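Asker: The numbering of the sequence shown is the working numbering, which starts it at 306 and goes up by one. Note that beta-carbon positions come from the ideal geometry of N, C-alpha and C, so glycine has one too. Owing to the predicted nature of the structure, the values given are computational and were not obtained by experimental measurement. Pasting a structure here, questions to come.
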Amino acid sequence: MAENCIRIRSASTDDVPRIRELIVGLARYEKLEHEMQASEQQLRDALFGDRPSAEVVIAEVNRKSVGFALFFHNFSTFVGKRGIYLEDLYVEPEQRGHGIGKQLLSYLAKLAVARDCGRFEWSVLDWNQSAIDFYRGLGATGMDEWTVQRVDGEALVALAAQYQP
Numbered sequence: 306m307a308e309n310c311i312r313i314r315s316a317s318t319d320d321v322p323r324i325r326e327l328i329v330g331l332a333r334y335e336k337l338e339h340e341m342q343a344s345e346q347q348l349r350d351a352l353f354g355d356r357p358s359a360e361v362v363i364a365e366v367n368r369k370s371v372g373f374a375l376f377f378h379n380f381s382t383f384v385g386k387r388g389i390y391l392e393d394l395y396v397e398p399e400q401r402g403h404g405i406g407k408q409l410l411s412y413l414a415k416l417a418v419a420r421d422c423g424r425f426e427w428s429v430l431d432w433n434q435s436a437i438d439f440y441r442g443l444g445a446t447g448m449d450e451w452t453v454q455r456v457d458g459e460a461l462v463a464l465a466a467q468y469q470p
């Protein structure tokens with residue numbers, strides 16, 4: 306496949322069913338399919354509702370959607386600028402190795418520069434060494450001194466209940 310056959314574009318509401326299919330593919334790859342709960346309507350609201358909370362770009366090869374990147378803005382108090390946080394990056398397995406992931410990441414890097422962002426960052430599963438090597442090859446730096454913390458489900462409800470106004 307010639308690299309010039311790859312097209313990256315912003316998603317539209319018509320893409321929501323395909324975005325969800327690609328997310329299911331990502332969940333399957335990451336062995337997290339049991340955690341996949343997002344419906345098409347939830348995605349439509351989150352991406353295209355009155356107050357969108359994320360954006361998606363689609364990778365196409367010969368007009369077929371073969372990958373996506375879902376991202377949102379965060380803010381660095383130290384840098385004093387917003388950044389782009391890549392929540393999900395996925396390319397269908399049979400399409401890997403043709404530069405699609407690199408095109409998605411460089412597109413987002415260009416977007417970050419155009420939007421005057423101070424950084425572009427993401428997380429990767431520690432067992433996904435091929436992805437880690439790929440990211441390092443693009444100039445990414447591992448933030449090994451940091452760990453991800455999460456509160457969800459019942460623990461989120463319990464923590465919220467501890468707030469005393």
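1. Taking the alpha-carbon positions, what's the L327 to G372 distance?
2. In whole angstroms, give me the CA-to-CA distance for D393 and A374.
3. Compute the beta-carbon to beta-carbon distance between I363 and R314, rounded to the nearest angstrom, for a pair I have assumed lies under 8 Å.
4. With a Cβ-Cβ cutoff of 8 Å, do V429 and Y440 count as a contact?
5. Between G354 and G444, what straight-line distance do the alpha-carbon atoms span, to the nearest angstrom?
6. When DSSP builds the beta bridges, which residues end up paired with N379?
7. Excluding the five sequence neighbours on either side, which residues of its own chain have a C-beta within less than 8 Å of the C-beta of A419, listed in chain order?
8. Assign Y395 to one of two classes, buried (16 or more other C-beta atoms within 10 Å of its C-beta) or exposed (fewer than that).
9. According to the Cβ coordinates, are D320 and S381 closer than 8 Å?
10. For E308, count the other beta carbons within 10 Å of its own beta carbon; 16 or more makes it buried, fewer makes it exposed. Which is it?
11. Bridge partners for F425 per DSSP, in chain order?
12. Note down the Cα distance separating H339 from V329, rounded to an integer number of angstroms.
13. What would DSSP say about M337, mapped onto helix, strand or coil?
Answerer: Let me lay it out:
1. 7 Å
2. 6 Å
3. 6 Å
4. yes
5. 34 Å
6. G388
7. none
8. buried
9. no
10. Interpretation of E308 is limited by its pLDDT of 47, a score under 50 that renders its predicted location unreliable; the figure taken from the coordinates is listed afterwards. With fewer than 16 Cβ atoms within 10 Å of its Cβ, E308 is classed as exposed.
11. I389
12. 10 Å
13. First, the amino acid is wrong: residue 337 is Leu here, not Met. In the structure shown, L337 sits in coil (DSSP, three-state: anything other than H, G, I, E or B).
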